[in-house]
Ligand code: C5P
Ligand code: MG
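Below, the structure written as structure tokens:
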């Protein structure tokens, strides 16, 4: 009988000036962006942690310390690809990914398909197995005040 695993990931990045806003591997036009050591792709970081979590492989900071200069400004797709490789080494295959990005503005819905396509390509999944949802924080709290962006991800793994 197959073994199934669920993994949960969450991330937050500050919003600031003079930074790109890269979410799900897609550059979002905005006059502000996400701050961080890497490219600060909050969505890819949450998915990376969900993958690592499902296989009990620790978390993103354990594998890619933000004190390490080799990860400065790096494309977060590399973190995700690495986590997928570790999960596969443990004998798991990825079934699906469901995510939510919480950001007050700009609106992201026009970028849903490119984000899903990018995540699906990185993970080697069919488009139908990758879900990306968006929410505002209703103007409440740091996300609602436009000071940060958050992302949540859940993945399912199967060991045949
Ligand atoms: O947060 P709220 O429920 O008001 O969001 C309404 C809709 O706006 C969501 O269904 C989502 O698709 C979209 N949205 C978006 N970009 C955001 C936040 C929400 O496209 N940054
Ligand atoms: Mg992060």
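In the numbering used here, the protein residues as written are 1024 to 1183. In this text, a Cβ means the ideal position worked out from N, Cα and C, and glycines have one as well.
On the CB-based measure, 16 or more other CB atoms within 10 Å of its CB, does residue i come out buried or exposed?
| i | result |
| --- | --- |
| residue 1093 | exposed |
| residue 1026 | exposed |
| residue 1174 | buried |
| residue 1144 | exposed |
| residue 1163 | exposed |
| residue 1059 | buried |
| residue 1112 | exposed |
Straight-line CA distance for residue i to residue j?
| i | j | result |
| --- | --- | --- |
| residue 1036 | residue 1114 | 32 angstroms |
| residue 1091 | residue 1062 | 14 angstroms |
| residue 1038 | residue 1107 | 28 angstroms |
| residue 1125 | residue 1057 | 13 angstroms |
If you follow the beta strand (DSSP E) that residue i is in, where does it begin and where does it stop?
| i | result |
| --- | --- |
| residue 1072 | Residue 1072 -> not in any beta strand (DSSP E); alpha helix (DSSP H) instead, spanning 1065-1077. |
| residue 1106 | First-last for residue 1106: 1100-1112, but that is the alpha helix (DSSP H), not the beta strand (DSSP E). |
| residue 1086 | Run containing residue 1086: none in the beta strand (DSSP E); it sits in the alpha helix (DSSP H), 1083-1086. |
| residue 1177 | 1171-1182 |
| residue 1166 | Unbroken run through residue 1166 is the alpha helix (DSSP H), 1164-1167; no beta strand (DSSP E). |
| residue 1031 | 1026-1039 |
| residue 1157 | 1153-1158 |
Is residue i near the ligand C5P, going by C-beta to nearest heavy atom under 6 angstroms?
| i | result |
| --- | --- |
| residue 1159 | yes |
| residue 1131 | yes |
| residue 1109 | no |
| residue 1075 | no |
| residue 1126 | yes |
Tell me whether residue i counts as near the ligand MG, meaning its Cβ is closer than 6 angstroms to at least one heavy atom of that ligand.
| i | result |
| --- | --- |
| residue 1068 | yes |
| residue 1034 | yes |
Which residue comes first and which comes last in the alpha helix (DSSP H) that contains residue i?
| i | result |
| --- | --- |
| residue 1128 | From DSSP, residue 1128 is part of no alpha helix (DSSP H); its letter is neither H nor E. |
| residue 1140 | 1135-1146 |
(message) Can you confirm whether the segment 1150-1159 touches the segment 1119-1128 when touching is taken to mean that 3 or more C-beta pairs between the two stretches lie within less than 8 angstroms?
(response) yes
(request) State whether the segment 1095-1105 contacts the segment 1063-1073, with contact taken as three or more CB pairs (one from each stretch) at a distance under 8 angstroms. (result) yes
(request) Give a yes or no on contact between the segment 1131-1150 and the segment 1038-1053, applying the rule of three or more CB pairs nearer than 8 angstroms. (result) yes
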